[in-house]
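Adding 5 to a residue's 1-based position in the sequence shown gives its number in our numbering. Ideal Cβ positions, reconstructed from N, Cα and C, are used throughout, including at glycine. For reference, the structure discussed in these notes is given below.
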Amino acid sequence: MVSKNSKFVTILGLIFALVVTAYAADSRTKLKPGWNLFSPQQDIEMGRESAKQAEMQLPLLNDRQAASYIDTLGKQLASHAPGEKYPYQCKIVNDTAINAFALPGGFIYVNRGAIEAADSENQIAGVMAHEIGHVVLRHGTNQVSKAYLAQAPLAILGGVLGSNSIGSVLAQLGVGFGLNSLFLKYSRDAESQADLMGTQILHDSGYDPKGMVEFFERIQAESKGRAVQFFSDHPNPENRISNVQHEIERLGGAPANARKDSTEFHTTKNLLAALPAPAKSARGANRPADTRNGKPAPPSGRLTTFNGNGLQFRYPDNWRQYGQGSAMTIAPDGGIVNDSLAYGMVIAEFEPDYHGQGSISLEEATDQLLNNLQRSNANMRVTRSHERTRVDGQAALIAEASNQSPAGGRETVPPRL
Ligand code: ZN
Numbered sequence: 006m007v008s009k010n011s012k013f014v015t016i017l018g019l020i021f022a023l024v025v026t027a028y029a030a031d032s033r034t035k036l037k038p039g040w041n042l043f044s045p046q047q048d049i050e051m052g053r054e055s056a057k058q059a060e061m062q063l064p065l066l067n068d069r070q071a072a073s074y075i076d077t078l079g080k081q082l083a084s085h086a087p088g089e090k091y092p093y094q095c096k097i098v099n100d101t102a103i104n105a106f107a108l109p110g111g112f113i114y115v116n117r118g119a120i121e122a123a124d125s126e127n128q129i130a131g132v133m134a135h136e137i138g139h140v141v142l143r144h145g146t147n148q149v150s151k152a153y154l155a156q157a158p159l160a161i162l163g164g165v166l167g168s169n170s171i172g173s174v175l176a177q178l179g180v181g182f183g184l185n186s187l188f189l190k191y192s193r194d195a196e197s198q199a200d201l202m203g204t205q206i207l208h209d210s211g212y213d214p215k216g217m218v219e220f221f222e223r224i225q226a227e228s229k230g231r232a233v234q235f236f237s238d239h240p241n242p243e244n245r246i247s248n249v250q251h252e253i254e255r256l257g258g259a260p261a262n263a264r265k266d267s268t269e270f271h272t273t274k275n276l277l278a279a280l281p282a283p284a285k286s287a288r289g290a291n292r293p294a295d296t297r298n299g300k301p302a303p304p305s306g307r308l309t310t311f312n313g314n315g316l317q318f319r320y321p322d323n324w325r326q327y328g329q330g331s332a333m334t335i336a337p338d339g340g341i342v343n344d345s346l347a348y349g350m351v352i353a354e355f356e357p358d359y360h361g362q363g364s365i366s367l368e369e370a371t372d373q374l375l376n377n378l379q380r381s382n383a384n385m386r387v388t389r390s391h392e393r394t395r396v397d398g399q400a401a402l403i404a405e406a407s408n409q410s411p412a413g414g415r416e417t418v419p420p421r422l
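Shown next as structure tokens:
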């Protein structure tokens, strides 16, 4: 009796100890997406549009086997990520700079240089898990939301945002969908969150999460000799390494039978080594001309016609169209400086406040719009207003305003109302 009873107690004690260990072993940092104006579905729509633009500027690596390896690895890792399920796709950019980036909604790009710099599969998996972390935590659209809140708080309170508003938000911010997009400018906080989330994903996918630390150490050594964008975009390597090491401890170390490497990874590395070197570093070479190196090309004499949303007008054929729906930015390459429109145009609809009546005068609606623009542009001065004209047979008003240019100096823009 006594022995039976004490055995029972021991088993109970053991179960209790196991439960406690399992609980104590996983005290991972809790991470959640920040404030966001958009729905996860809109992350996907924006990411898709942005990916289309990015791929016009980036040389993708055309090797089916290597591409399929990276895409499969990315999808495997993403299947262990918490939260919203995004349609992940991972592609290789034929660029030797050690870098990777993610667009909202799961569009991930890994540079050939990052794969070449990794020694084992869990290292490149660490880079990709970091990028998946940005997607899960919705850093891209959180960034756009914060910028929009700073610029147009009243528009948000006024409920201007509708279902068709992604393009309009970006156009109002003068931001494009391409590689110079706000989506890719994360805060230092966002970067360390992505490191921690990446470590958790790596661990939960059965990899030895030390791969993340090893890769950081690897590129810290490399960075002495060549461009390592992963670090210039992501500052403070020493802190990153110690933060990740901490998180590994909080996860209770590597999972049992942790994976470190695979033959597929080394086959892919050998494939890349056998391919010819890319002509030039893609970033820089294929990005739109930057205005810091001079102004954008002058507007072309050839015009192209815009037709849509009940509007028709012509614009220089060397300008490109960003955004969609009720607001658009049309600008030359390099027209956007420091996330603001310096050269180009914004076409947007404005819905005046009718004060509960069916209609208001054109004059009053114009004043509302000018006031609205002034609230988010403190230095803007109206230089002409209430000048009568006709647009397509309808009564219209012309106003002109002047503001500090993001490219320096003062600019005068005559919006047609
Ligand atoms: Zn990052």
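Are the Cβ atoms of Val132 and Asn116 separated by less than 7 Å? The sequence position of residue 132 within the sequence shown is 127, counting from 1. The sequence position of residue 116 within the sequence shown is 111, counting from 1. No, they are not a contact pair.
**Message:** From the DSSP secondary-structure annotation, give me the bridge partner or partners of Tyr212.
**Reply:** Here residue 212 refers to the residue found at position 207 when the sequence shown is read from its first residue. Answer is Arg264, bridged to Tyr212.
**OP:** With distances taken Cα to Cα, identify the nearest neighbour of Tyr114 among Leu65, Thr371 and Ala404.
**Re:** To locate residue 114, count along the sequence shown from 1; it is residue 109. Out of Leu65, Thr371 and Ala404, Leu65 has the C-alpha closest to the C-alpha of Tyr114.
- Collapsed DSSP secondary structure at Gln362 in the structure displayed: For the purposes of this step, residue 362 is taken as the residue at position 357 of the sequence shown. Three-state result, Gln362: coil.
Query raised in the report: Any idea what DSSP makes of Ile120, helix, strand or coil?
Result: Here residue 120 is taken as the residue at index 115 of the sequence shown, counted from 1. Helix.
N- and C-terminal bounds of the alpha helix (DSSP H) containing Ala391
On the sequence shown, position 386 is the one that residue 391 refers to. First, the amino acid is wrong: residue 391 is His here, not Ala. Counting along the chain, His391 falls outside any alpha helix (DSSP H), though it belongs to the beta strand (DSSP E) covering Arg386 to Val396.
query: Alpha carbon to alpha carbon, what distance is there between Asn323 and Leu162?
result: To locate residue 162, count along the sequence shown from 1; it is residue 157. To locate residue 323, count along the sequence shown from 1; it is residue 318. Its pLDDT being 48, under 50, Leu162 is placed unreliably in this model, and the value from its coordinates should be taken loosely. C-alpha separation (whole angstroms): 37 Å.
Requested in this report: Starting from the C-beta of Met385, find all residues in its chain whose C-beta is less than 8 Å away, skip the five residues before and the five after it, and write them out in chain order.
Outcome: Position 380 of the sequence shown, counted from the first residue, corresponds to residue 385. Excluding residues within five positions, the ones whose Cβ falls inside 8 Å are Leu378, Gln379, Ala406, Ser407 and Asn408.
**Prompt:** So, helix, strand or coil for Phe311, using DSSP?
**Reply:** Your numbering for residue 311 matches position 306 in the sequence shown. Looking at Phe311 - three-state DSSP - the assignment turns out to be strand.
For Leu142, which residues of its own chain have a beta-carbon under 8 Å away from its beta-carbon, when the five flanking residues on both sides are left out? Here residue 142 is taken as the residue at index 137 of the sequence shown, counted from 1. Counting only Cβ-Cβ distances below 8 Å, and skipping sequence neighbours, we find Leu36, Lys37, Pro38, Gly39, Ala195, Gln198, Ala199 and Met202.
| query | Where Lys96 and Pro337 are concerned, what is the direct C-alpha to C-alpha distance, given to the nearest angstrom? | reply | Numbered from 1 along the sequence shown, position 91 holds the residue referred to as residue 96. Numbered from 1 along the sequence shown, position 332 holds the residue referred to as residue 337. So the alpha carbons of these two residues sit roughly 28 Å apart.
Using 7 Å as the threshold, is the C-beta distance between Pro109 and Met51 below it?
Mapped onto the sequence shown, residue 109 falls at position 104. Mapped onto the sequence shown, residue 51 falls at position 46. Cβ atoms of Pro109 and Met51: closer than 7 Å.
task = List the endpoints of the continuous alpha helix (DSSP H) containing Glu136.
result = For the purposes of this step, residue 136 is identified with residue 131 of the sequence shown, where counting begins at 1. Glu126 to Val141 is the span of the alpha helix (DSSP H), which, as asked, contains Glu136.
Can you give me the C-alpha to C-alpha distance between Val396 and Arg389, rounded to a whole angstrom? The residue you call residue 396 lines up with position 391 of the sequence shown. The residue you call residue 389 lines up with position 384 of the sequence shown. Going by the C-alpha atoms only, they are around 18 Å apart.
Kindly list the residues whose CB is nearer than 8 Å to the CB of Thr273, restricted to its own chain and excluding five residues on each side of it in sequence; keep chain order.
The residue you call residue 273 lines up with position 268 of the sequence shown. So the list reads Gln70, Ala71, Tyr74, Ile75 and Ile120, once near-sequence residues are dropped.
### Task
My understanding is that Ser427 touches Glu136, with C-beta atoms under 8 Å, so please give their C-beta distance in whole angstroms.
The question about residue 427 has no answer here: the residues shown for the chain are numbered 6 through 422.
What are the start and end residues of the alpha helix (DSSP H) that includes Arg53? To locate residue 53, count along the sequence shown from 1; it is residue 48. From DSSP, the alpha helix (DSSP H) with Arg53 extends over Pro45 to Gln62.
#### Entry: Classification of Leu82 by the beta-carbon crowding that lies within 10 angstroms, buried from 16 upward
Against the sequence shown, residue 82 aligns to sequence position 77. The residue is buried, with at least 16 neighbouring Cβ atoms inside 10 Å.
Under the three-state DSSP convention, the category Gln409 falls into:
Translated into positions along the sequence shown, residue 409 becomes position 404. Strand at Gln409.
Original post:
For Glu254, is the beta carbon positioned less than 6 Å from some heavy atom of ligand 1?
Top reply: Stepping through the sequence shown from its first residue, residue 254 is reached at position 249. Not under cutoff, so the answer is no.
**Asked** For Lys151, which of Ala130, Ile129, Gly138 and Phe188 has the nearest alpha-carbon?
**Response** Numbered from its first residue, the sequence shown carries residue 151 at position 146. Here the closest residue by C-alpha is Phe188.
- Task: List the endpoints of the continuous alpha helix (DSSP H) containing Ala83.
- Result: Counted from its first residue, the sequence shown places residue 83 at position 78. Looking at the DSSP string, the run of the alpha helix (DSSP H) that includes Ala83 is Arg69 to Ala83.
Original post:
Would you call the CB atoms of Gly349 and Ile335 closer than 7 Å?
Top reply: Numbered from its first residue, the sequence shown carries residue 349 at position 344. Numbered from its first residue, the sequence shown carries residue 335 at position 330. Going by C-beta atoms, Gly349 is nearer than 7 Å to Ile335.
Could you tell me which of Asp124, Lys190, Ala130 and Ala122 sits nearest to Asn147, measuring between CA atoms?
For the purposes of this step, residue 147 is taken as the residue at position 142 of the sequence shown. The candidate whose alpha carbon is nearest that of Asn147 is Lys190.
Just to confirm, does Glu196 get its C-beta within under 6 Å of one of the non-hydrogen atoms of ligand 1?
The residue given as residue 196 occupies position 191 in the sequence shown. Result yes, Cβ under 6 Å from ligand 1.
Leaving aside the five residues before and after Asn262 along the sequence, list all residues of the same chain whose C-beta is less than 6 Å from its C-beta, in chain order. By one-based count along the sequence shown, residue 262 stands at place 257. Excluding sequence neighbours, Asn262 sits near nothing in its chain.
* **Inter-residue Cα distance where the pair is Arg193 and Ser247** => Here residue 193 refers to the residue found at position 188 of the sequence shown. Here residue 247 refers to the residue found at position 242 of the sequence shown. Taking the straight line from one Cα to the other gives about 15 Å.
- request: Could you tell me the distance, in whole angstroms, from the CA atom of Ser55 to the CA atom of Asp31?
  value: Locating residue 55 in the sequence shown gives position 50, counting from the first residue. Locating residue 31 in the sequence shown gives position 26, counting from the first residue. Their Cα atoms are separated by approximately 36 Å.
Quiz prompt | Min CB distance Lys265 to chain C below 7 Å | solution = The chain inventory of the structure shown lacks chain C, comprising one protein chain alone.
Note to self: Among Phe112, Asn67 and Gly138, whose alpha-carbon lies nearest the alpha-carbon of Gly88?
What the structure shows: Locating residue 88 in the sequence shown gives position 83, counting from the first residue. Closest option to Gly88, Cα to Cα, is Gly138.
task = Alpha carbon to alpha carbon, how far is Gly306 from Tyr320? Give it in angstroms, no decimals.
result = As a position in the sequence shown, residue 320 is number 315, starting the count at 1. As a position in the sequence shown, residue 306 is number 301, starting the count at 1. If you take the alpha carbons of Tyr320 and Gly306, they lie about 9 Å apart.
Requested in this report: Compute every distance between the C-beta of Ala199 and the non-hydrogen atoms of ligand 1, then say whether any falls below 6 Å.
Outcome: In the sequence shown, the residue the question calls residue 199 occupies position 194. At least one heavy atom of ligand 1 is nearer than 6 Å to the Cβ of Ala199, so yes.
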